[in-house]
Structure formats: C-alpha cells, structure tokens
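Here's the structure, in structure tokens; my notes come after.
Numbering (the UniProt record's numbering), first residue to last: 1 to 727.
Set out below in structure tokens:
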C-alpha cells in the first residue's frame, strides 16, 4: 500500500484518521473481478469485449498537437457566417455602433458558454450524448437534440459548399462567365437574354445558370444535375476528411483553417488599392449611435454570437473530448472566441472595401446612363439648355456635376420631374444596399471581382476560401454527430461515417432541385435557431443548477491547476441563463410577429418577390422545430418514470484487468459509507470492518450494495473482502 495513504498513516500514528471511500478506492490494488472471487454474477470473461472496453477508455484518439486542436476549433467556429452575415448585420445595425453590443454579448454569453462546453467535453471525454447523460441523465436528450440539429444544418450547409465548388471550377476562364449577359438568337437577330438584361449578368448567372431556379417553392422543377454532382463532390470531401477521425481531419485543418486568412489578407490589401474602397470602409464604421438603443440590434447580435461560436451543436464538445485532462481549456476558449471576433472584423473590412469599389463603379454607370437621358431631352427640347450649369462637360461628367444638374432640373421641373425618369445616382444609396448570405457571395462580390485586374485569379481564391471555410465548419458539425453516436453505441467509425454521408446526400437531394434554394432558406432560418437556444439554456442549467456551479468550479480547479475567475461563476449561474431566456422569448415573438416567408425569383419579372410559405411548407417548418426539440422532453419522461436506464453510471465501480476504473464524483459526504455498506447511514458499521469471508451470491451480508441485481446504480455483483479491505 502507498506510504501516504490514510490506512498506512494509522499504522504509524496514534492520531485518529477518518478515511473515505475515495481514499480506499484510490489506493486499492487493481483486481480483475471476472477472473477472481469477485465475479458473483455468473458473467463469463470475454477477452475481446474487455479489450474493446480498454481501448475505448485508454486509447481514445487524441490531437497530435495543441496547434492542431486550436486550428480545428477555429476552423469550426469561423465559418461562412463570419464572411457574409456579420458584415451585413454590422451595416444594417449601425455600423461601428453594432460592434459594441456584439462585443458585450460575446463576453457575457459567448465566452462563458464556450468555456463551459470545452470544459465538460475535456473533463468527461465523451461526445454530447455521453456528457449530458453523465451530468444529468434526465436532461440526456440535450445530446440527441444536438445531433439532430447538426444533421439538419449539415444537410443544407454542404449544399452551399457545392455551390462554391461550382463557381470555383467556372472561375478558370477569361472573361468570367458571369461578367456579361449571354446572347441568344431570335430568328436571324441576336439579342441579349431578356431576363439578364432586366437584372444583371451576375444575378442572371446565379439564378438561371447555377440554380435554374423555379418561381416558387411549390414548383419543384426536378433535379438540377450540375448541383447534384457538386453536392456529391462536397459530401465526398467531408467523408474523406472524417473517415479516419481527428488524425486525418486535424491535418486537413492546417490548410482549411489558415488558407482563408491568407485570402482575406490578400483581398484586404488588394481592396484598399481599389478606387472607392475608403468610401466603403468609412460608411461601414460610421457609427449610428441611436441603433444601440434598439432591442432588435441586441437580439441579432446575441444570435450572431451564439451561432458564430457553434454553441449547442456538439462539435465543440466533440473536439475538446480528444484533449488531455490537464489541457488549459480556459486559454483555448478565450483565444478562439476573440480570434472569431477579429476574423469577423477582418472579413467586414474586406467586404466593404470591395463593396465601396463596386458602389463607385455602379454610381458612375448610373451617372452615364442618366446623362444620356438628359442629352436626349436637350436634343428634343424637353429640357432647356439654360438648366445646365455652364461648367458641366458631358464628355467628362463627374458625380458631383451630375448631382448639381439633377437638383436644378428637379427644382425647375417639379411638377413633371417624375415623368423624366431620372435617378439621383447617390453613392450613399449604393452603399446602403445591404446584401447578405448568397446575395453577397454569389452576386455582389462576384460582380465586383469582374472589375478586378486578373479577375479569374481572385475568383478562384475567393471561392476556394469559401470551400475551406465551409469544410472547416462541416468537419466540426459532423463530429457533433459521429463522436457521440460512436461513443454511445460503439458502432464502427468508418461504417457509420460512410453511411451517414450517403444518407445525408440522399436526403439533401431536396436542396438541389430547382426549388432547392427555397428549402435552404427554410432550413437556415428555422431548423436550428429555436432548438439550439433551448439546448444551450438546458446545458447551462444542467451544469450550473443541477450539477452545481461550486462543484463544477472545484473540478475545473483540479483539472486546470488553477481556479477560474469568479466572473464565470456568476455568468454561468445567473447572467447567461437570463440572457439566453430573453433571447429565446424574443425569437418566439419574432416568429409570431413576422409570418414565415422567403424571397422568390420571378423569371418573368426578373426580380425577387417575397412570398409566404404554403400550408404544406409550414407543416415541414414546424416539424423541423418540433423534431429537433423532441428528444428533450422524450428522454426526460422516459428516465423520470424509469422506462429506460438513466445511462448515468453515476456510482459505478468497474474492475478490469490490470486496473480499476472508478467514478464516485456524485457521492455526497454522508453517502460514501452507504455506497459500500448499506442503504442508510444509521446501518453503517465501524469504519474499520472486521475480517469477512465471501458468503456467496445468496449472502445477506451488510456488504451488499443493493438487494436488486440491477438496482439504482446498475451493480450486478457484490463487493466482498479483498486483501486491501481486510485491514
């Protein structure tokens, strides 16, 4: 027995030593109960099964290096939303003023909850299902709900990667195929495609050449074979990255996490050299302080923080479960959170430098077109030449000269001005045309790149960046599915990963029909927001209020080697749950106030039109929300009424060959003796048990853990005397 044990201390000291079950178990020699007298269940020793258990517990895959792990978390949290949603929200909600609520909410909601997920994954070393079964079995549905949400998000997220793959391969030609409208023959006359002429070349290429989109969600139109092939390539890439586990996906992260930063920096440098880039950046960061008082701004900032870090998906827990127990996950949480924030700011600078350039190009085009109209009116005597300021030169007309001329004509022709059809051509109006998501990446940004020198090079770089951002997030999302399922059900990793990718591809065919873009919008808006908010609230409650914040802080102190700041204690226990509850309430109100709908592209009008979802689509939408949330009440009811095992293994002592695994973390002080000796403390004999011989399976010895073969703790055998316990 080790010299520092309390039992040994008693032998050499007259002082009274109170020993606990934890002490006894900590110093007990390993016993293989299945091949010793401890095996009283009649269970045969299965060497293969034992080997599998040992492999799961001792040889869990691990990251090759800390850098690989950090890059994986960055690759997962930094995704497409940083590039095309954050800049849109920043512009829409007050420019630089939006950064204040975002940063505040990142600190009081994002960072604490991100740290919480990293800590529980690293401490328990299981996926989301195993983690929440361990912490609070009745809330074990959290893990299953996370898996379902990951599946829904992965379905449509990979479609976006497929779109990027299509544009990537189309970029290897000059001029870019979306730079000009196609010419069609009408008999012997060649004319510009009407739909393209009424919109723009990039808009036409997106809606007609890429998506071949139908007029509404009700018109399926059949499969788009080009997008189907691209979706197959996307799922093949994800499958190849996932099939060999974190050793393979970790290596992928070196490229997929770092390459986007290289591209963003290159775009920023190139963008700042473009004419009008400063106009875009100045417009971006001109603060509209009145927006900071708008509750809607705070709601959208909280939602963006929530999704930017990937909270509730299970990917964060899955990645951290492959860490060593002594890894400093607090440092990881802080680092990744603020890298995510600075990436969003960097992407915003890039986007608005490019959009500032585009706004100047479009404004110049507007000035030229309207100047031609004015010349026509002058030549037909609709307008008098006296209205034109003498210094205006139509051959070198500037935006400032046009605006001066426009104001004069509007003042003089006030009664008939609308009939002239002149536009103001203000740069501010172009900069205020906020675009997000696919509209930003596949229309606005692609249009700007057509004006770049060496445009195919920049297009290849941009869409390769989108593919890498998407793959980094998809690997984390898929890990949120595969890790907990493999940990819980012990299925073969390769078989399950391949099967999951094939099944997801088949289900994902709904997104590559001609109406598929409308389903992407539906899933993006409704499949994750509300269920994930509920999931994260319950995660917070499970740790802070059920497992216990003090207890959790103590375990973190033992695991990290230092005590986390009290800031986390109060945010986990009070601030974060309240903020998340407010966010959930606001999301529900928003659903009720704004009837669900989508922007449809009407081919005949060559324009977008907002349509409400039909009844059957509303049924799908509601089903998505219910299905993603269903595991939460279902698992609670099943375990509350003992219809299934709680799966917690909260008090288990498992003896294995060559070692002993124990988990007594849920023991209260007055329960330790009850765990070994009896059901109630009053029946507990002396802390120094007398010598007892094993009495057999039918024994009524007080050493029994439970009278039932599968009692509360699922113990199928009795604890008997061992050489260590015969003190």
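Glycine included, C-beta positions come from ideal geometry on N, C-alpha and C.
Keep in mind the model is a prediction, meaning the values are calculated, not measured.
Original post:
If we count Cβ pairs, one from each stretch, closer than 8 Å, do we get three or more for the stretch 489 to 503 versus the stretch 134 to 150?
Top reply: no
Original post:
Could you give the distance in angstroms between the alpha-carbon of residue 364 and the alpha-carbon of residue 351?
Top reply: 20 Å
**OP:** Classify residue 86 as helix, strand or coil using the three-state DSSP reduction.
**Re:** helix
**OP:** Between the Cα of residue 97 and those of 188, 209, 164 and 288, spot the shortest distance and give me the residue it belongs to.
**Re:** 288
Subject >> Beta-carbon contacts of residue 268 that lie in its chain and below 8 Å, excluding the five residues immediately before and after >> reply: 346, 349, 350 and 353
Subject >> Coarse secondary structure for residue 186, derived from DSSP in three states >> reply: strand
Original post:
What does a CB cutoff of less than 6 Å around residue 202 pick up in its chain, not counting 5 residues either side in sequence?
Top reply: 178, 443, 446 and 447
Original post:
For residue 307, which option in 219, 111, 599 and 507 has the closest C-alpha, if you only look at C-alpha atoms?
Top reply: 111
Original post:
Which partner residues of residue 225 appear in the DSSP bridge assignment?
Top reply: Answer is none; residue 225 lacks a bridge partner.
**OP:** Could you tell me which residues DSSP pairs with residue 608 in its beta bridges?
**Re:** 601
**OP:** For my contact list, residue 729 and residue 314 are in at a C-beta cut-off of 8 Å; report their separation, rounded to the angstrom.
**Re:** The requested residue 729 does not occur in the structure, where the chain is confined to residues 1 to 727.
Original post:
Per DSSP, what kind of secondary structure is residue 729 in: helix, strand or coil?
Top reply: Outside the displayed span of the chain (1 to 727) sits residue 729, for which this structure offers no information.
Subject >> Assumed close pair residue 256, residue 468 - CB separation to whole angstroms, cut-off 8 Å >> reply: 4 Å
**OP:** Measure from the alpha carbon of residue 208 to the alpha carbon of each residue in 641, 604 and 644, then state which is nearest.
**Re:** 604
Original post:
Helix, strand or coil: which one does DSSP assign to residue 392?
Top reply: coil
Original post:
On the three-state DSSP scale, how would you describe residue 73?
Top reply: helix
Original post:
If we call anything under 8 Å between Cβ atoms a contact, is residue 634 one with residue 127?
Top reply: no
**OP:** For residue 400, count neighbouring C-beta atoms within 10 Å of its own C-beta (all shown protein chains included) and say buried if the count is 16 or more, exposed if not.
**Re:** exposed
**OP:** Keeping to the same chain, check which residues put their C-beta closer than 6 Å to that of residue 632; ignore five residues upstream and five downstream.
**Re:** 141 and 145
Subject >> Where residue 513 falls: helix, strand or coil (DSSP) >> reply: strand
Subject >> residue 290 burial status per 10 Å Cβ neighbour count (16 or more: buried) >> reply: exposed
Original post:
With distances taken between CB atoms, is the gap from residue 164 to residue 470 smaller than 8 Å?
Top reply: yes
Subject >> Cα-Cα separation between residue 452 and residue 398, rounded to whole angstroms >> reply: 22 Å
**OP:** Can you check DSSP and say which residues form a bridge with residue 131?
**Re:** Residue 131 pairs with nothing; no bridge assigned.
**OP:** Measure from the C-beta of residue 256 to each C-beta in chain B and report whether the shortest distance is under 8 Å.
**Re:** The chain inventory of the structure shown lacks chain B, comprising one protein chain alone.
**OP:** Go through its chain and collect everything with a Cβ distance to residue 106's Cβ below 7 Å, but skip five positions before and after it.
**Re:** 305, 337 and 341
Subject >> Any non-hydrogen atom of the ligand GTP closer than 7 Å to residue 136 Cβ >> reply: As presented, the structure is devoid of all ligands, the ligand GTP included, so that no description of it is given.
Original post:
By Cβ distance, which residues of its chain are closer than 6 Å to residue 532, with the 5 residues on each side in sequence left out?
Top reply: 149 and 312
Original post:
Is it true that the stretch 89 to 103 meets the stretch 543 to 563, where meeting means three or more beta-carbon pairs spaced less than 8 Å apart?
Top reply: no
**OP:** Determine, using beta-carbon pairs with one atom in the stretch 511 to 523 and one in the stretch 217 to 229, whether at least three such pairs fall under 8 Å.
**Re:** yes
**OP:** Mark residue 571 as exposed unless 16 or more other C-beta atoms lie within 10 angstroms of its C-beta, in which case mark it buried.
**Re:** buried
Original post:
How many whole angstroms separate the CB atoms of residue 530 and residue 587, which I take to be in contact at a CB cut-off of 8 Å?
Top reply: 6 Å
Original post:
In chain order, what residues of the same chain lie with their CB nearer than 8 Å to the CB of residue 485, ignoring the 5 residues before and after it?
Top reply: 127, 129, 147, 491 and 496
**OP:** Kindly indicate which residue of 167, 463, 381 and 577 has the alpha-carbon position closest to the one of residue 210.
**Re:** 167
Original post:
Which first and last residues belong to the alpha helix (DSSP H) in which residue 468 is found?
Top reply: 455 to 489
Subject >> Chain-order list of residues whose beta-carbon lies under 7 Å from that of residue 125 (same chain, five-residue window excluded) >> reply: 60 and 321
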